[in-house]
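Visitor: Per the numbering used here, residue 418 is the first one in the sequence shown, and the count goes up by one each step.
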Amino acid sequence: MIIPPILAGIKAYQEKLETRYVVSFFSILVVGIGSWCFHMTLLYEMQLFDELPMIWGSCIFVFDLFHSFTPPKYQNLPMILCLVLYSFIITAINPPSVPVKRSPQLYLFRIMTSDFLPLRKPRNK
Numbered sequence: 418m419i420i421p422p423i424l425a426g427i428k429a430y431q432e433k434l435e436t437r438y439v440v441s442f443f444s445i446l447v448v449g450i451g452s453w454c455f456h457m458t459l460l461y462e463m464q465l466f467d468e469l470p471m472i473w474g475s476c477i478f479v480f481d482l483f484h485s486f487t488p489p490k491y492q493n494l495p496m497i498l499c500l501v502l503y504s505f506i507i508t509a510i511n512p513p514s515v516p517v518k519r520s521p522q523l524y525l526f527r528i529m530t531s532d533f534l535p536l537r538k539p540r541n542k
């Protein structure tokens, strides 16, 4: 996931494709570098360098997908704002200085699951 996005990004640039394609290949490159760094070190900071670019890259690809079916020169500002806001919120709740045991994601998951626990039906024994 490092060499192919570089080659594809260069080819997209040479073919004068839209900038969003070059940015998409660049996001795959960053995910590849982050994944390589994490799997070489297994450090929490490198795990963030692996996971956060996946979130950002996914938002870029969602934008690309929806932009493919819109008329030329059309900008869906609410969608762009939601994707950017989502990326910033996920990045903000994952500070690299927070140990894994105190990760805000674990607390959010606990809150989310505890809200749904009363809805579960008890098992019949």
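The beta carbon of each residue, even a glycine, is placed where N, CA and C say it ideally should be. Source: prediction; values computed, not measured.
Considering only residues of the same chain and omitting the five flanking positions on each side of residue 487, which have a CB-CB separation below 8 Å?
Guide: As a first step, residue 487 must be located in the sequence shown, where it is residue number 70. The answer, listed in chain order, is 493.
Visitor: Taking contact to mean 3 or more Cβ pairs, one atom from each stretch, closer than 8 Å, check whether the region 439-455 and the region 420-431 are in contact.
Guide: yes
Visitor: Mapping the DSSP letters down to three states, classify residue 443 as helix, strand or coil.
Guide: Sequence index remark: in the sequence shown, residue 443 carries index 26 (1-based). Of the three classes helix, strand and coil, the one that applies to residue 443 here is helix, per DSSP.
Visitor: Going by DSSP in three states, residue 468 sits in which element: helix, strand or coil?
Guide: Here residue 468 refers to the residue found at position 51 when the sequence shown is read from its first residue. DSSP, reduced to helix, strand and coil, places residue 468 within a helical segment of the structure shown.
Visitor: If you run the structure through DSSP and keep just helix, strand and coil, what is residue 460?
Guide: For this step, residue 460 is matched to residue 43 along the sequence shown. Three-state result, residue 460: coil.
Visitor: Report yes if the CB atom of residue 454 is closer than 8 Å to the CB atom of residue 466, and no otherwise.
Guide: Position 37 of the sequence shown, counted from the first residue, corresponds to residue 454. Position 49 of the sequence shown, counted from the first residue, corresponds to residue 466. For residue 454 and residue 466, yes; Cβs fall inside 8 Å.
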